[in-house]
Structure formats: structure tokens, C-alpha cells
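Written out below as C-alpha cells is the structure these notes cover.
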Amino acid sequence: MKNFKHVWRALATGLAATAFTAAAQTEITFYYPVAVGGPITKTIDQMSADFEKENPGVKVKPVYAGTYQETLVKAITAQKAGTPPTTAILLSTDMYTLIDEDAIVPFEEINAGADDAAWRKSFYPAFMANSQTGGKTWGIPFQRSTIVLYWNKELFKEAGLDPNKAPANWKEMLEYAQKLTKKDASGNVTQYGVQIPSSGFPYWLFQGLTTPNGVELMNAAGTETYFDKPEVIEALQYWVDLGRKHKVMSPGVVEWGTTPKDFFEKKIAMMWTTTGNLTNVKTNAKFDFGVAMLPASKKRGSPTGGGNFYVFKKATKEQQVAAAKFAKFMTTPERAAQWGMDTGYVAVRPDAWATPKMTEYVKGFPVASVARDQLQYSVAELSTHDNQRVTKALNDGIQAALTGAKEPAAAMKDAQAEATRILRSYK
Amino acid sequence: MSRNAIHGWLLLLPALALLALFTHWPIFGTIWDSFHGTAKRGKPAPFVGLENYQVMLADEVFWKSLWNNLWFALGTIPASIVLALVMALWVNSAMRGRTWLRMAFFTPTVLPMIAVANIWLFFFTPQYGLLEQFTSLFGVAGRNWLGSESTALGCMMVVAVWKEAGFFMIFYLAALQSIPPSLAEAAAVEGAPRGWYLRRIVLPLLMPTTLFVMVNAVINAFRMVDHIVVMTRGGPNNATSLLLFHIYQVGFSFWDTGYAAALTVVLLVILAAVAIGQFVFLDRKVHYQ
Chain Y
0 MKNFKHVWRA LATGLAATAF TAAAQTEITF YYPVAVGGPI TKTIDQMSAD FEKENPGVKV
60 KPVYAGTYQE TLVKAITAQK AGTPPTTAIL LSTDMYTLID EDAIVPFEEI NAGADDAAWR
120 KSFYPAFMAN SQTGGKTWGI PFQRSTIVLY WNKELFKEAG LDPNKAPANW KEMLEYAQKL
180 TKKDASGNVT QYGVQIPSSG FPYWLFQGLT TPNGVELMNA AGTETYFDKP EVIEALQYWV
240 DLGRKHKVMS PGVVEWGTTP KDFFEKKIAM MWTTTGNLTN VKTNAKFDFG VAMLPASKKR
300 GSPTGGGNFY VFKKATKEQQ VAAAKFAKFM TTPERAAQWG MDTGYVAVRP DAWATPKMTE
360 YVKGFPVASV ARDQLQYSVA ELSTHDNQRV TKALNDGIQA ALTGAKEPAA AMKDAQAEAT
420 RILRSYK
Chain U
0 MSRNAIHGWL LLLPALALLA LFTHWPIFGT IWDSFHGTAK RGKPAPFVGL ENYQVMLADE
60 VFWKSLWNNL WFALGTIPAS IVLALVMALW VNSAMRGRTW LRMAFFTPTV LPMIAVANIW
120 LFFFTPQYGL LEQFTSLFGV AGRNWLGSES TALGCMMVVA VWKEAGFFMI FYLAALQSIP
180 PSLAEAAAVE GAPRGWYLRR IVLPLLMPTT LFVMVNAVIN AFRMVDHIVV MTRGGPNNAT
240 SLLLFHIYQV GFSFWDTGYA AALTVVLLVI LAAVAIGQFV FLDRKVHYQ
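From first to last, the protein sequence lines stand for chains Y and U.
Take the first sequence: its position 20, counting from 1, is numbered 19 in numbering that gives the first Met the number 0, and each next residue is one higher.
Take the second sequence: its position 163, counting from 1, is numbered 162 in numbering that gives the first Met the number 0, and each next residue is one higher.
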């Protein structure tokens, strides 16, 4: 028995010691959406360590939580269990979901000081569209992307097109794609002109068509959608026609994940995908390629995408302050520039592009700046209250039209009816 | 209570406690939750009675998933069982390289489903996928297997059968090897043809295994959704949405836990009904030695 007493005493002292250090140090847990391993986790670890060096009282604990969807599931489950992370990188479109769960706190409430107010204004307005609502800033842009068009210069040359000129508008894209579509002797297509993937999250790529066509899919409060507007239906018709009428794109639903591979295999001459794929294409394309803004219809346009910093409400005030400081540290111009160069994401603030390192990088690899130049035409990614459900309604409608199960007009009417039904309680 | 009875209950206690904690308690919890809405903004979930079930009646995706699941079950269960039996009979015969063959048949079972689904994704890829390369030899190319509503579910079934059949083969193989060789010798002496021996002796003796395999196959038909998550995410337009996938989406994408609980209850009822049916009706046809 005596021995046990010793053990208990030792344990108690140990506990007291940890409690004491915890009081002296603020620990912040940081959910980051990536699977374990790889170069990205190393970069994040390094950045966290640098931050700790600069702020001795704070300890950052990164948790690598899988895909965006898995990270959101983990964060919300932890929130429901009462122990959410202090901060997390989650999709910018999860903003309303997190607000509805009462999970996050706006940055204005953490630090109302003038220095932080200036910081919140330092980002591209296009990225803030998905980060602010009701006059408050709920998210800080970190790894943001947008859709661009990649084209294979070799195949352009073979088809007799100017290899250095991307299609500027919808009409040109169709004409180019017709010239770039090749068939074998028995009439089977061996190379498609263009590919816009439509699996998983077709709504995002669809915004690359609706935005140039001069229409937004939702209001800024996230309580209304406009899926059945004529411009939206027209945009969907164009997409459907590429595959079903003009046969310059694979018919049916095209997989997002294999699209870069299709491009590398020269099975497609042009592809629409995220700027986040830039590094991937740079490494794997065995031919000369170009990157361009999405073609215009009535104007240029593309949605933004990607992840924001959020700070959770249940954390202590000290933790929240430390987390905001961490977000600020991670988004300084130099770090934003470095992060953009390492990953292919768009550096989130204009002054990051003015840093010497970034100017040098863009000089050697000019296509890196295409996404930045497109930002002035960019709009917020579709995001509403009950976001995943509304998005699914639109996704189902788009896929039904692409597979030929429904006419575009009918598909969008159904999607709009479903979205209105889901959103009625938020009006 | 007699000493024996107490002894017996004590022996049962560990299993009973675990079952109660991890099976029965969650089931009652789910049924209870299915009569409630979803907790939002820290407010507790309100009691809504049967509303979740009414919503379900009007939920097109639910009905679509249910039908998909029935077709999926119908397409995968008989196919995987028959295939397993054929493979087992084949690798049970004395021939060269049967160890390799057994291993080849069993490999799909060992591989994790997520990895397998990623491989199959490239098999089904339009234009340069394995399947397309094969069919183009016969001049019928240009299909988008996973991207068309008419073929996507069929592709999912193929993956499931491929994954399952090897697993069931192992059970059949074990059962085949426990059949005494004297029966085959006796049949040979009596001059019974091989087909007759298979039909009247082997298959009846395999019935207990078949029942076991069938129960497992049914459960798997409602349980396997990993490949759906990787390959189609229920698309195109819900053509490959299965019941469990729909539950996952409602529960962990939409965070509508009350409705997800109601859907889970439906899945539970279906599985319980099928299991009871199998045991009650098929048990009569099964001869245990």
C-alpha cells in the first residue's frame, strides 16, 4: 500500500506541474486539412516552429486532419463534444455552416485594434467576399485558389492554331476545341478539344461559366439562390452542348481527379482546373503548356475557392488572441508569397506579389501570375446557409443535365425549387 | 437461482456488457434521436414526432438510394456467391500452381477498399482506361462508364463483386476440404456422374456455408460504400447513391443528425428483416452434420 501512495503523490505532483506550465503557456490546436506526411506538412511544421520562436508564450499544435471534408467533420464533431480546436483551415464556403453551428468568432471581436483592422483590409477583396458577412470578418484567406484554363501548346500547333494564344471567349473556345478534337478511322474520338470536370463539386466549375455570363448564383447574405435565371440556364446549355451537341468534350460526367492525367496523356488539349494544380502540371507535363484566364462570355470571371483561417468560439480569450496572432504571422507578405510559390495557391494579398522573391519567381515563370490577374474579375464561391445541401441540389441538377437525364432549364428549375425549400427557414 | 445459473450468467456477462454498450444502447439512442430534430446553435434538439419519417417519404434521394441499393444487392449477392463457389471448386482440384491461383483470388480481399477504388477509377477512365482499351479492340469505344447514369451503378457492382468473391471463396474452400473423400469414392464406385455428385452431395453439404456467406453478402451489400466515396460520390445525379452513403451525407455533410438517425432506423429495420428471414426460412433447408 505504501508504494501506491508514492505513486499517487508522484502523479499528483506531475499533474500540478503540467497545470502550472499550461497556465504560463497558451497552447493552440490547429487543424490543417492534409493527410499525414509530404512536403506541405513540413512547411506547416516549420512555420509553426518559427511562430513559437517569435512568441515564446504560445505553443502551436498542428493536427493534420485529412481532406477539407474530413477536417470539417472532425472540427464540428469536436465542437459538439465541447472541445473544438482553437483554430483551423477550412473551406471558405463553410463560413455559414460554422456560424450556424455557433462555432466561430469574428476577428473583430478578438482584436478591435487599428493594427488588426488594417491587416484585415490587406487582402484581395475577391477573397474577402467569402470571408465576411453581416459586416464581420469570420475567416482570413490563407490557401486560396481560382479556376484557370491550361492548354497544350504542342497540340495547338498540330491543329494549326497559334500556340501562344488561348481562347478569349466562349465562341473561340468552341472553335478551337472543334479544331482540336481528333477522331480515328472508325470514328472514335482519340483526343478531345476541351474538358471541364463535373464530378464531386461541379457547381464550382459551373461558376466559371455563370460568372462570365454576368450572373451570380446567390446573394451576399447566403439566404437566396438564383439557379433558374436565364443567364444560368444559358451557361449550362453551353456546357452541355460542348459534350452532347458539338462533341468536343467527353459526354456525361467527367472525373475531376483524373483530369490532369488526361491532360498529361494528351487526351485533352485544354482543361479547366484549379491554380492549385499549377505545380503538379509544371512537374508532370512533358510538353509546353500555357495558362490563361477563363474565356469570357459577357465579361471575364471565375469563382475563388480554397481555405480560410477560422477561430473557434469555445477557446479561451488568450487562445483566441494567440490564434489571431498566428493567422497574422502566417499571412505576412513574405510568408504569403513563399506559400504561393511552394504550393501554387494564389498569394492572398497584393503586397505579397511586390516582394523581391515573388517578382523574381514571376519573371522566371510568368504563368504564375495569371490567377492573380484574374482576381479582379473573381466572385465568391457558392456558399449559403445549409451550404452542403444547397450545393448538392445544384450539383444534382448540373449532373442531370450533363448526362442528358434532364433539359438544362428543367434541371435548374428543380435545383432552384429545392434550394428555396432548404433556405426558407433562414429568411 | 442455482449456482449453475449464476455461473452461466457470469460467463456471459463480458460479452453481454459489450453488446449492450456498443450495439443495443446505440440502437435505442438512434431510435430516440429519430423522433427529434437537429440541435442548432446550442439549443437542444426539439421533439418532432414522426416528422423525420414524413420528410423521408418526400425525399427523392432517399428513394433513389433505396432502389439503387436493392439493385446493388440483387446484382452483387448472387454473382459474388456463384463466383466464389466456382473459384473454390477450381482451386480445390489437384493441379499445378493452385497456391498461386488461390492467392490471386484472395488478393482483392486483402487490399484496402480505398486503394482498390483508386485503381478501378483508372480502369474505368474514358479513352485510355483499361476497360476502354479492351473494348476498343472490338470497335466499341467512347463510353464514359462512371459518368453516365446508365452504367455507373453497374461499375460499382463489378468492383464490389471483384472485392468480395475471393473472401467468400475462402469459406467455400474450407468447407470443401472438410467433406470426407470417402463420399467421392463411394459415388465413383456407384458410378454417379460428376454433375450428380456435385448437385446431390457437395452442394447440400455446403449449405451451412452458403447460409453464412449469404448473410455476410447481404450485410456487405448495405455496408460497402467506401468505393462510392472515392469513385463517384453518389453521382452522376445520385445514380450510385446507396442508402448508407445517403446517411453519411445527411449526417456528416448536412449535419442533420435527427434525419440521419431516422434513415439509420430504416436501414436497421431492413437488415434485421433480411437477417431474420434468412435464418427462419433458409435454416430449414440447411443440413448441419
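From the three backbone atoms N, C-alpha and C, an ideal C-beta is built for every residue, glycine too.
Boundaries of the alpha helix (DSSP H) around T70 of chain Y: Y67 to A80. Any Cβ of chain Y closer than 9 Å to the Cβ of R232 of chain U would place that residue at the interface, and such an atom is present. Judged by beta-carbon spacing, T258 of chain Y lies within the 9 Å limit of P196 of chain Y, meaning their Cβ atoms are closer than that value.
Of all residues in the segment 110-131 of chain U, the ones placed with a Cβ closer than 8 Å to any Cβ belonging to chain Y are L120, F121, T124, P125, Q126 and Y127, in chain order.
Counting only residues of its own chain and dropping the five nearest sequence neighbours on each side, M223 of chain U has a CB closer than 7 Å to the CB of A159.
Counting along the chain, N307 of chain Y sits inside no alpha helix (DSSP H); it lies in the beta strand (DSSP E) bounded by residues S301 to V310.
Contact annotation: the segment 257-277 of chain U does not touch the segment 86-95 of chain U, with fewer than three C-beta pairs closer than 8 Å. Under DSSP, N151 of chain Y takes part in a beta bridge, and its partners are Y:F288. Under the DSSP definition of a beta bridge, Q142 of chain Y partners with Y:G306.
DSSP places F211 of chain U within a helical segment (H, G or I) once states are collapsed to three.
In the structure shown, Y175 of chain Y falls within a helical segment according to DSSP collapsed to helix, strand and coil.
Judged by their CB atoms, V247 of chain Y and L173 of chain Y are nearer to each other than the 9 Å cut-off. In the three-state DSSP reduction, W271 of chain Y falls in the strand class (E or B). Secondary-structure assignment with DSSP links H23 of chain U through no beta bridge to anything.
The residues P259, in chain order, have a CB closer than 6 Å to that of N276 of chain Y in the same chain once the five nearest residues on each side in sequence are set aside. In the assembly as shown, H384 of chain Y is a buried residue. Its beta-carbon has 16 or more other beta-carbons within 10 Å. Secondary structure at Q126 of chain U: coil, using DSSP grouped into helix, strand and coil. In the DSSP assignment, Y191 of chain Y forms a beta bridge with Y:I267. A392 of chain Y carries a helical assignment under DSSP once its states are collapsed to helix, strand and coil.
The shortest CA-to-CA distance from W137 of chain Y to any of Y:G81, Y:E69, Y:A326 and Y:P365 is the one to Y:A326.
Around the beta carbon of G134 of chain Y, fewer than 16 other beta carbons lie within 10 angstroms, which makes this residue exposed.
Taking 9 Å as the CB threshold, Y191 of chain Y lines the interface with chain U. The Cβ atoms of W352 of chain Y and M269 of chain Y lie no closer than 9 Å to each other. Spanning the alpha carbons of F50 of chain Y and S147 of chain U requires a straight line of approximately 50 Å. Residues of chain U whose Cβ lies closer than 8 Å to the Cβ of V188 of chain Y are, in chain order, Q126 and G141.
When DSSP states are grouped into helix, strand and coil, L136 of chain U belongs to the coil group. In this model, W24 of chain U and I5 of chain U are separated by some 24 Å (Cα to Cα).
Closer than 9 Å to the CB of R388 of chain Y there is at least one CB belonging to chain U.
The residue from Y:L204, Y:E26 and Y:D183 with its alpha-carbon nearest to that of E254 of chain Y is Y:L204.
At a cut-off of 9 Å, the C-beta of E148 of chain U has a neighbouring C-beta in chain Y.
L90 of chain Y places its beta carbon less than 9 Å from that of G305 of chain Y.
Per DSSP, the continuous alpha helix (DSSP H) segment holding A125 of chain Y begins and ends at P124 to M127.
What G199 of chain Y touches in chain U, judged by beta-carbon distance under 7 Å, is R232, going in chain order. Considered as a whole, the segment 152-199 of chain U harbours 180-188 and 193-196 as its complete alpha helix (DSSP H) runs of no fewer than 4 residues, in chain order. Counting only Cβ-Cβ distances below 7 Å, G138 of chain U has contacts in chain Y at S185, in chain order. In this structure, the beta-carbon distance from F211 of chain U to G165 of chain U does not fall below 9 Å.
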